[in-house]
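Chains as they are written, first to last, in our numbering: chain G, 1 to 236; chain F, 1001 to 1236. For each residue, glycine too, the CB sits at the ideal point set by N, CA and C.
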DNA sequence: TCTTGACATATTGTCATACAATAATTATGT
DNA sequence: ACATAATTATTGTATGACAATATGTCAAGA
């Protein structure tokens, strides 16, 4: 059981928080296409909030890099170039490596147990292709990992990185055979953590991310070749 | 010379951009104390802009972690706990390590030359204690480094990390004897870069950050001991 | 047919204003 | 001195306005 017996009163989320949260979700799930234009008024009607709130929410997403605002043209869903995708995976490797290393050192036995369960669940949803269930389970896995790592800053940055990676996966659909290997790698990582071996955990994590990067980048590159017809052909 | 012969028209920065930029500066320079309350209307008058713009700027800073917004109370300058400071330096180590590794691999000879000059200048301003000059020179150094590394995502995150570290240094003033060692370590790093040795550069960088962390954290801990009188004494 | 310019429309960026909800402060009664 | 009520300050959100900029249309001219 996750301990949930705190008495803390949680303030109901503000309109703006809900707005930015839902937009974030929508982008992660690929419900907006990269490069798609976003018109403020339309979002207002769509979500039933004022332009004030929408704009503030968009500012958050802009800072997070999920949205790109072109001066006097407004917000667009950020498109991730191959080079940026490479960068994202590089950053993810070092940050996630740090996180698992810390987790292996600091996490309580209970947290390790929780993580283990999360991996089991992850394996289940990995097979059944359902974007929403997949994302929420993965979020739970990382929640536990980042909590146990106890590095708030890295956690925040990783959450951002994961959303961007989700977006990538959502648009360039991921391959089922990759899923198999992926779970295997995660189990390896889990093993190192259970053995309280930070270095091994780190190595397993970095390898895992690198593999994920390889397949994702390969697909992206193949995709880009097709999608972007050489400029020359358009000029005559 | 930095090539500057592009014909690109740069749009003049918007009101909001200027607002957030100036606030960011002010926080980095320590002109707001951590924990200090920030009242929106006052900022409006202070900067001569509307509340709309101020709030959007504050949203950016909040997402960057420089400002913490308490529901229904409004924005405060974030206070950095010792634990958060540790986290910041851990993250800085891995991200900066990544950056210098990439720089050693990818940077052009010209960029290495530029970086070398930047280090020279850094040495000059290190001696003369002037917050503003120091920060701008350091910013230039990192600008070159991050440009040459060619990882946009890491660059963005590091810029954020550096601002927070600056804030730390600005409040808990840094020691002059540390400055000496610091420059030495940076020269070592530079040497490894010139030798195009990514691993050595990485090692030098990580060591440098760890040393900086050690002194900063030591001061922070000492400071915290004094500043926070045990709660017991206030209750009788 | 292609360019140019004029005009019409849509959208953004910014401001001003309003007001309920909440928090902080002060005054008041016991 | 302490609890309670009244007052004030500030936030969170919505609305309306409008100049500046970008986009789209269309007719005139080369």
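Environment of residue i [buried if 16+ CB atoms lie within 10 Å]
i: residue 1129(F); result: exposed
i: residue 1082(F); result: exposed
i: residue 51(G); result: exposed
i: residue 1180(F); result: exposed
i: residue 33(G); result: exposed
i: residue 1009(F); result: exposed
i: residue 1259(F); result: What is shown of chain F runs 1001 to 1236, which leaves residue 1259(F) out entirely.
i: residue 1223(F); result: exposed
i: residue 236(G); result: In this predicted model, residue 236(G) has a pLDDT of only 26, less than 50, meaning its place in the structure is not dependable; the value taken from the coordinates is given anyway. Classification for residue 236(G): exposed.
i: residue 1149(F); result: buried
i: residue 177(G); result: exposed
i: residue 1042(F); result: exposed
i: residue 133(G); result: exposed
i: residue 46(G); result: exposed
i: residue 1226(F); result: exposed
i: residue 127(G); result: exposed
i: residue 229(G); result: Residue confidence is low: residue 229(G) scores 49 on pLDDT, short of 50, so the model does not pin down where it sits. No coordinate-derived value is stated.
i: residue 107(G); result: buried
i: residue 220(G); result: buried
i: residue 1231(F); result: A caution first: residue 1231(F) carries a pLDDT of 37, below 50, which makes its placement in the model too unreliable to give a value.
Residue i vs residue j beta-carbon contact at 8 Å
i: residue 1064(F); j: residue 63(G); result: yes
i: residue 1066(F); j: residue 1024(F); result: yes
i: residue 1029(F); j: residue 1131(F); result: yes
i: residue 98(G); j: residue 154(G); result: yes
i: residue 1085(F); j: residue 1218(F); result: no
i: residue 253(G); j: residue 119(G); result: One cannot answer for residue 253(G) here, as it falls past the ends of chain G, which runs 1 to 236.
i: residue 1113(F); j: residue 1209(F); result: no
i: residue 1103(F); j: residue 1161(F); result: no
i: residue 21(G); j: residue 1071(F); result: no
i: residue 158(G); j: residue 142(G); result: yes
i: residue 77(G); j: residue 164(G); result: no
i: residue 100(G); j: residue 189(G); result: yes
i: residue 1185(F); j: residue 1204(F); result: yes
i: residue 1039(F); j: residue 1074(F); result: yes
i: residue 151(G); j: residue 1087(F); result: yes
Residue i: contacting residues in chain G (beta-carbon distance under 9 Å)
i: residue 1011(F); result: 71 and 72
Amino acids of chain G, ordered along the chain, whose beta-carbon sits closer than 8 Å to that of residue i
i: residue 1084(F); result: 152 and 153
i: residue 1091(F); result: 95, 98, 151, 153, 154 and 157
CB-CB length for residue i against residue j, believed under 8 Å
i: residue 144(G); j: residue 111(G); result: 6 Å
i: residue 54(G); j: residue 19(G); result: 6 Å
i: residue 212(G); j: residue 166(G); result: Going by Cβ atoms, the distance from residue 212(G) to residue 166(G) rounds to 12 Å, so no, they are not a contact pair.
i: residue 1017(F); j: residue 59(G); result: Not confirmed; about 11 Å, so no contact.
i: residue 1094(F); j: residue 94(G); result: 4 Å
Under 7 Å by beta carbon: chain G residues contacting residue i
i: residue 1056(F); result: 55, 56 and 59
i: residue 1168(F); result: Within 7 Å Cβ-Cβ: nothing; residue 1168(F) doesn't reach chain G, min ~13 Å.
i: residue 1087(F); result: 151, 152, 153 and 154
Residues that residue i contacts on chain F, provided the C-beta gap is smaller than 9 Å
i: residue 111(G); result: Those do not exist, as residue 111(G) stays about 17 Å from chain F at its closest Cβ, beyond 9 Å.
i: residue 64(G); result: 1063
Within chain F, the residues that residue i reaches when beta carbons sit closer than 8 Å
i: residue 14(G); result: 1071
heavy atom of the ligand FMN below 7 Å from residue i C-beta
i: residue 1009(F); result: This structure does not include the ligand FMN; it has no bound ligands of any sort.
Hey, which unbroken runs of the alpha helix (DSSP H) at 4 residues or more fall wholly within the region 1109 to 1166 of chain F? Considered as a whole, the region 1109 to 1166 of chain F harbours 1109 to 1127 and 1131 to 1149 as its complete alpha helix (DSSP H) runs of no fewer than 4 residues, in chain order.
Jot down the residue ranges of each uninterrupted alpha helix (DSSP H) in the region 1173 to 1207 of chain F, minimum 4 residues, whole runs only, in chain order. The region 1173 to 1207 of chain F contains, as complete alpha helix (DSSP H) runs of 4+ residues, the segments 1176 to 1194 (chain order).
Please give me, in chain order, every unbroken run of the beta strand (DSSP E) with length at least 3 that falls completely inside the region 13 to 76 of chain G. Fully contained in the region 13 to 76 of chain G are the following beta strand (DSSP E) runs of length 3 or more, in chain order: 67 to 70.
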